[in-house]
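Worksheet for the structure shown next.
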Amino acid sequence: MKIVTWNVNSLKVRLSHLLQWLEANPVDVVCIQETKLTDDKFPLAELNAAGYQVAFSGQKTYNGVAILSKLPIEDVVRNNPHYEDLQQRLLAATIGGVRFICAYVPNGQEVGSDKYTYKLAWLDALRTWVAAEMAAHEQFAILGDYNIAPEARDVHDPAEWEGRIHFSLPERAALQELMALGLSDAFRLFEQPEKQYSWWDYRQMAFRRNRGLRIDHILLSKTLANRCTACHIDRETRKWEQPSDHAPVVATLAD
DNA sequence: ATGGCCCACATGGTGGGA
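For our numbering, count along the first sequence from 1 and bump the result up by 131.
Shown next, in the form of structure tokens:
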């Protein structure tokens, strides 16, 4: 089973990229963030035609998440039952015996801002929910845009980013606490090339200079980590015309 | 020099992203 997370930054704009990518990459489950579409505008027919069943939870202009799957999607839950949130950032579903959560963690905007406070509170509540889901599902995976770079090697210039949004100590501590529930970063289960990032700013030719952050992650329960045989970031889409600023992250699970 | 770019909503410029 191949599983993917990809922040597409508007599914309306990026649908053709998604379909093109799926055609070249026959994967089983795709967690998508920032669809920026209300549910009535979701491109369900196009994705069904590509061979995917879909669960989605969107809103106007901002946020919005979806899970695509070749296998049947069961027990869909929208939002965190432990946190009231008008923003559509979370979607859970069971596929092929695996419990998935698709997560779009708040950006936080600036350390110390109201949005930063919301980000940390949101992450705290996420941990409560994930603990409950993991207690109920041995095979558990949470994929998404975490908007947090876990370590210095996940940041193109750690000195420049130290203490700033996406790399502040409280954010990194929140991610560590989530992972302390027993989750492994699929990407770090394997030897990886240096300077691997999943997001690059649109400005300043950041992609060409590889000035990026690794903020999109696939976290796996112990049982799934033992099944995981590979994980990589697919930089190719970022070279396409009018790309998302995020690249897909792909993990392979043995049967 | 703290912005530059991209998207949505709008139809000029603002809010948000990361």
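Ideal Cβ positions, reconstructed from N, Cα and C, are used throughout, including at glycine.
(request) Round the Cβ separation of R358 and A385 to the nearest angstrom and send it over; I've been treating them as touching at under 8 Å. (result) 5 Å
(message) According to DSSP, is L142 part of a helix, a strand, or is it coil?
(response) helix
(request) Compare the C-alpha of L145 against each of I204, R230 and E372 and name the closest. (result) Note that residue 145 corresponds to Arg in the displayed sequence, not to Leu. It is E372.
(request) Please confirm whether M132 and V161 have their CB atoms less than 8 Å apart. (result) no
(request) Take D170 and list the residues in its own chain whose beta-carbon comes closer than 8 Å to its own, dropping the five residues that flank it on each side. (result) F187, S188 and G189
(request) Return the chain-ordered list of same chain residues with a C-beta closer than 6 Å to the C-beta of A223, the five sequence neighbours on each side being excluded. (result) V208 and I232
(request) Could you pull the start and end residues of the alpha helix (DSSP H) that Q307 belongs to? (result) L300 to M310
(message) Just to confirm, is the Cβ distance from S352 to F298 under 8 Å?
(response) no
(message) Among the candidates T248, I279 and K201, whose CA atom is the shortest distance from the CA of Y235?
(response) I279
(request) Grab me the residues of Q219's own chain with a C-beta within less than 6 Å of its C-beta, minus the 5 sequence neighbours each way, in chain order. (result) S188, G189, Q190, N194 and G195
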